[in-house]
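Trainee:
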Amino acid sequence: MKYTANEMMALSAGRMIKDGDIVFAGTGLSILAATAAKRIYAPKSVVFFETGGIDPTLDEMPMAVADLRTMSGAALNSGLIESFSIVGHKKLHTIAFLGAAQIDRYGNLNTTCIGDYHRPEVRFSGSGGANDVASLASSVITFMKHEKKRFVEKLHYMTSVGWYKGYDSRSKLGLKRGGVYGVVTNLCVMKFDEITKEIYLAEVYPGVSIEDVVKNTGFEIDTSRAVESSPPTEKELRILREEVDPQKLVL
Amino acid sequence: MKYTANEMMALSAGRMIKDGDIVFAGTGLSILAATAAKRIYAPKSVVFFETGGIDPTLDEMPMAVADLRTMSGAALNSGLIESFSIVGHKKLHTIAFLGAAQIDRYGNLNTTCIGDYHRPEVRFSGSGGANDVASLASSVITFMKHEKKRFVEKLHYMTSVGWYKGYDSRSKLGLKRGGVYGVVTNLCVMKFDEITKEIYLAEVYPGVSIEDVVKNTGFEIDTSRAVESSPPTEKELRILREEVDPQKLVL
Amino acid sequence: MGKTSDISDKVMTVEEAVHRFIKDGIQLSIGGFTVTRNPMAIVYEIIRQKIKNLHVVCHSQGQALDVLIGAGCVKRLEIAYGGNGRYAPTCIRFRRAAQNGEIELEDYSNYQMSLRFLAGALGIPFMATKSGLGSDILNIEGFPKEIRGTGKVAKEKFVVMQNPFNDGEDNVVLVPALNPDVALIHAQYVGEDGTVRIKGLTFADVEQAKSADVVIVTCEEIVPTSYIRAEPNLNSLPNFFVDAIIKVPYGAHPTACYGFYDYDPKYLNMYRKMASDDNLFREYLEEWVFSISSHNQYLNKVGAERLFSIKANPVVGYAVGLDRK
Amino acid sequence: MGKTSDISDKVMTVEEAVHRFIKDGIQLSIGGFTVTRNPMAIVYEIIRQKIKNLHVVCHSQGQALDVLIGAGCVKRLEIAYGGNGRYAPTCIRFRRAAQNGEIELEDYSNYQMSLRFLAGALGIPFMATKSGLGSDILNIEGFPKEIRGTGKVAKEKFVVMQNPFNDGEDNVVLVPALNPDVALIHAQYVGEDGTVRIKGLTFADVEQAKSADVVIVTCEEIVPTSYIRAEPNLNSLPNFFVDAIIKVPYGAHPTACYGFYDYDPKYLNMYRKMASDDNLFREYLEEWVFSISSHNQYLNKVGAERLFSIKANPVVGYAVGLDRK
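Protein chains in written order, with the working numbering: chain A, 1 to 251; chain B, 1001 to 1251; chain C, 2001 to 2325; chain D, 3001 to 3325.
Pasting the structure below:
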């Protein structure tokens, strides 16, 4: 069965969700991943949005986290403070999906600007809730377009802290929980070394070579642990296409 | 027209409320005073409770601030944090009614205990929200039974801060607004000197002598400014009896 | 989607909930306020199961706390107010225990305690407030020095600091977060999806629940998911904060539950009388707690006539014209 | 009792509200979030009245902020996110102004901004959070040093301190309170007693309103007091926090309003295109703001057919099957 990179990405990320996880979603791929996971692997997981929408029915795909579709049929319609207090709640295992313009080898993210902060070449939207979930969630999964200019040695601006400078540097900042679990790109899945907290290539998608990954990554990367990803199953694709995004707004 | 001390107290306190005041009420006399004021002098005043009930209809008298009657027909049913944020809101002129077991010459109050704190002779309910409104409200009005043992040189426990040690000592603590406006007893109304913040006798009720007040007060008190209170009018009494507490739960 | 969680593993009896979650010596947070929405059914069961040495934290508590203290379950208490409104301006057994030095007692104010729960709910170590400056709440510590920083007792009762965003003199009080082991909440509704809805005033119940490690919710009704989700603005807690759900109609009796029933003046007056005498209080416990095997039996003992007399008018939410003296 | 406030002195037109309350150079807080409940009717009028040098504070703002910036009304901005969801992942005029150094810009996160509004609403000088530790949000200051502590600019962007309730290393970030001069809120309902009800997600609107000196509320409907008071658990703000009330149906267009209408994809796509070119953007402003004399005229220009196409299904709250590409 044929499938697109977007579908592979949504499913790769969805597979990382465990049943019972409380999933912080944005728009786009993250909502696909979260809702696919809920329907396929993790029926007891709960999807919520930084805007305060807790477990909406999502009969249609939201185009923004403030979309009315994050409110409809929800368990709670609350607000930002309630939502971030869920992200950081020690009783919950919270998984957050983020995207970024730049990422470094420790999974730190830039969603603020390219160039000097005070007079940027390109200005992006800013942190929104990204810094907060990177600081507070149990675990972060990041979606990236796999390009050399995005996988960089040094971020132009560190909007959101991943493993900071590696080893226990994150914890020393005062961030006692969380960190980045995985990076899902259009080529591969990357994870982080348990000790050094440096990124490594964990999976390459079927049809992608390790070299493809290396030449699109702006820093040296450990590829010794790479395996090939399982391709999407028919069931996964069917649910994704027919139930999760039938309007084809993201796929 | 005959009237009781309770009626005189409720009306004396009610007369201190200005139109538009946001009035923090407890139970008993304070609710009589607040609702009488709203019906007679201050139709735009709003009554609310520390429990989070904002402007309930009060068709029946509540017997506790958590009484269901503080919820019914309200503008908002919220909670304690919302309520105390109203008490201290700089945009609002908030008046709070308090009662106490002991009061000193600066209007500081004790609602915690008689005797040593760690092994009290008599334990009372504690602060509840009293300390908070004494700290945060624009103005406090205190109801007291006028007895020597209650008007004391030194409180056994300072639950709620009035003018603290007089002059600008309250402000120096960090409490930039508020303070006690008046004390309403079964004999008289007392206020506080603008400079020294010491209590003085402002009004004695009809039929009460200044001597009655002096001999029931446990410290020396300035009586030079005392005038006689206006007795309740027929209208005031009628509204109080027929509309505010028809079930005679407090009166 | 619309698929909702299975709550079959959370629905249980009061006996099971207490047995599983309420251990000797835990820090326990009690929801409700004085005479309203006290989680009585659970509290009676805690007494029956003879749980001891509880460290109770609350803002203004009435009936639930007083019975627990009277039954000797409480060792340590952080509180702002112990009273039952005009039925007991100071709770009787609470007063007695304080006067006799039978409990370790620490006084805060209502706002302080609420902010402490909020800090716990937000996962931050403290909240700032102006409440308390200059007062004996700050100056006098109730807990002995040696228990500071042990168990769930905060290392400091308060910290007063200068506001770093102001050059002028500007003190604020930092109150330490609370994260109790268990919170007890009585709500009107729980959905079949586990969503909790408290109607009327919420007091600090939501903050108390979210600050706790374990949340036990008793409720008047379990309602269909479609009903509770038709109005998400009315809901108080999502299912993932809740660990035990027990349907106990009249589970807050003799305290009130908005839209369902009023407080029971006759019971509260009887309680005040019996609580005022040690022998009578032992009788009270025997008769109303220990010899009762279920909440239904308790309600039978209260009697249908009394329960009907306190039934709330569904429009105004309380029992209109109830004799409350 | 049941007597309710008179709101006749608060009900006014958008022209009056802007004229009375929005002055050059004030600190302005904008409610809503990206494509939902932006107070557009008021914002269009601010532009028409040529208010300048605004100091805008918000968490995630979209359309309202972008038009204000594009029209040259904003001098200073504290923000977490400038975007319109998938209709403009980064707001176009915001991006341009930032890149050209046309505004003084300070970045925070959404939680930080929300907590700053909460601190302002609670009347406390700061809130503590773990958000931001280690990041450039803490390390890099956007505002020039000389404006710190002037006007409504906080003396410090942040203060990092050790948690005094913990002996171990445990840093927290203190974020300074916000108390804007004016907050703009768009709500579904205001009662004839002035009570405000926001339906669907409230974002941080309640905190924003309570932190401000002046609150301007536009609403879809003004409803009878008896209606709004039948369900006090649904209400968001009591009347005494509100200074101006304006009934403006579709007052959030082209952003969405739960239960009333969806965002307008055609308008948002048109806006993105026109905002991407300076000349086209001038045309946009002329056509959609300056040459419009009332919100009704604006709605006529949008057209009945379009307004019907985004009308919300009353049960699910949004426009089912709307073409949103």
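Cβ atoms here follow ideal geometry from the backbone N, Cα and C, with glycine treated the same way.
Within its chain, find whatever has a CB closer than 7 Å to the CB of Leu2115/C; leave out the 5 residues flanking it on each side and keep chain order.
Mentor: Met2127, Thr2129 and Val2175
Trainee: Are Asp3262/D and Ala3319/D touching if we call contact CB-CB under 8 Å?
Mentor: Taking 8 Å as the Cβ cut-off, Asp3262/D and Ala3319/D qualify as a contacting pair.
Trainee: Between which residues of its own chain and Arg3076/D is the CB-CB distance below 6 Å, once the five residues before and five after are set aside?
Mentor: His3055 and Glu3104
Trainee: For the alpha helix (DSSP H) containing Pro3265/D, list its first residue and its last residue.
Mentor: Unbroken alpha helix (DSSP H) run through Pro3265/D: Pro3265 to Ala3275.
Trainee: Should Gly1040/B be labelled buried (16 or more other beta-carbon atoms within 10 Å of its own) or exposed?
Mentor: The sequence shown places Ile at residue 1040/B, rather than the Gly named in the question. So Ile1040/B ends up on the buried side.
Trainee: Just to confirm the assignment, what range does the beta strand (DSSP E) spanning Ser139/A have?
Mentor: Ser139 to Met144
Trainee: Per the DSSP calculation, Lys1191/B is bridged to which residue(s)?
Mentor: Gly1182/B and Tyr1200/B
Trainee: Measure the Cβ-Cβ separation of Glu198/A and Gly162/A and say whether it is below 8 Å.
Mentor: no
Trainee: Is Lys2311/C close to chain A, meaning its C-beta is less than 8 Å from at least one C-beta of that chain?
Mentor: Not closer than 8 Å to any Cβ of chain A, the Cβ of Lys2311/C fails to qualify, so no.
Trainee: With DSSP as the reference, identify every bridge partner of Ile3245/D, one or two as the case may be.
Mentor: Looking at the DSSP assignment, Ile3245/D forms a beta bridge with Val3011/D and Val3217/D.
Trainee: Could you check the C-alpha separation between Ser1209/B and Ile1114/B for me, to the nearest Å?
Mentor: 29 Å
Trainee: Just the Cα atoms here: how many angstroms apart are Leu3234/D and Met8/A?
Mentor: 42 Å
Trainee: Would you mind listing the beta strand (DSSP E) stretches within the stretch 2149 to 2219 of chain C that are 3+ residues and don't spill past its ends, in chain order?
Mentor: 2159 to 2162, 2171 to 2176 and 2182 to 2191
Trainee: Do Ala64/A and Val47/A have their C-beta atoms closer together than 8 Å?
Mentor: no
Trainee: How about Ala42/A and Asp21/A: do their beta carbons lie closer than 8 Å?
Mentor: Contact annotation: Ala42/A and Asp21/A have beta-carbon atoms nearer than 8 Å.
Trainee: Using C-beta distances below 7 Å, list every residue in its chain close to Pro62/A, excluding the 5 sequence neighbours before and after it, in chain order.
Mentor: Thr27, Ile31, Arg69 and Thr70
Trainee: Please name the residues in the stretch 2093 to 2111 of chain C whose beta-carbon is closer than 7 Å to at least one beta-carbon of chain B, in chain order.
Mentor: Arg2095, Ala2098, Gln2099, Gly2101, Asp2107, Ser2109, Asn2110 and Tyr2111
Trainee: Name, in chain order, the residues that DSSP records as bridge partners for Arg3086/D.
Mentor: Arg3086/D is bridged to Asn3084/D.
Trainee: Name the chain A residues that come within less than 8 Å of Ala3204/D, Cβ to Cβ?
Mentor: Gly79, Leu80 and Ile81
Trainee: Does DSSP classify Met71/A as helix, strand or coil?
Mentor: coil
Trainee: Are the beta-carbon atoms of Gly3251/D and Thr3218/D separated by less than 8 Å?
Mentor: yes
Trainee: For a cutoff of 8 Å on Cβ pairs, would you count Glu3207/D as touching chain C?
Mentor: No, Glu3207/D lies away from the interface with chain C (no Cβ there is under 8 Å from its Cβ).
Trainee: Under 8 Å between C-beta atoms, does Met61/A make it to chain C?
Mentor: no
Trainee: Can you check whether the CB of His2059/C is closer than 8 Å to the CB of Ala2080/C?
Mentor: Yes. Within cutoff.
Trainee: Whose CA, out of Pro246/A, Gly129/A and Lys215/A, lies closest to the CA of Lys148/A?
Mentor: Lys215/A
Trainee: Three Cβ pairs or more, each shorter than 8 Å: is that satisfied between the stretch 1070 to 1088 of chain B and the stretch 1050 to 1057 of chain B?
Mentor: The answer is yes - the stretch 1050 to 1057 of chain B touches the stretch 1070 to 1088 of chain B, with three or more Cβ pairs under 8 Å.
Trainee: Count the other C-beta atoms from every protein chain shown that fall within 10 angstroms of the C-beta of Leu3201/D, then say buried if there are 16 or more, exposed otherwise.
Mentor: Counting every other CB atom within 10 Å of its CB across the protein chains shown gives Leu3201/D a total of 16 or more, marking it as buried.
Trainee: Could you spell out where the alpha helix (DSSP H) holding Lys3145/D opens and where it closes?
Mentor: Note, Lys3145/D: premise wrong, no alpha helix (DSSP H); not H, not E.
Trainee: Quick one, which of Gly2062/C, Val2057/C, Gly2072/C and Ser2029/C has its alpha-carbon nearest Arg2048/C's?
Mentor: Gly2072/C
Trainee: For Ile3222/D, collect the residues of the same chain with a Cβ closer than 8 Å to its Cβ; drop the 5 residues on either side in sequence, then sort them by chain order.
Mentor: Val3011, Tyr3189, Val3190, Gly3191, Glu3192, Ile3245 and Lys3247
Trainee: List the endpoints of the continuous alpha helix (DSSP H) containing Ala1036/B.
Mentor: Leu1029 to Ile1040
Trainee: Going by beta carbon distance, what residues of the same chain come within less than 7 Å of Gly3317/D, once the five residues before and after it are set aside?
Mentor: The answer, listed in chain order, is Gly3200, Tyr3258 and Gly3259.
Trainee: So if DSSP puts Ile1103/B in a beta bridge, which residue, or which two residues, is it bridged to?
Mentor: Beta-bridge pairing links Ile1103/B to Leu1109/B and Phe1151/B.
Trainee: So is Ser224/A buried or exposed if we call it buried at 16+ other beta carbons inside 10 Å?
Mentor: exposed
Trainee: Only counting the same chain, and skipping five residues up and downstream in sequence, which positions put a Cβ closer than 8 Å to that of Lys2325/C?
Mentor: The residues are Pro2265.
Trainee: Run down chain A in chain order and give the residues with a C-beta less than 7 Å from the C-beta of Leu2122/C.
Mentor: Ser85
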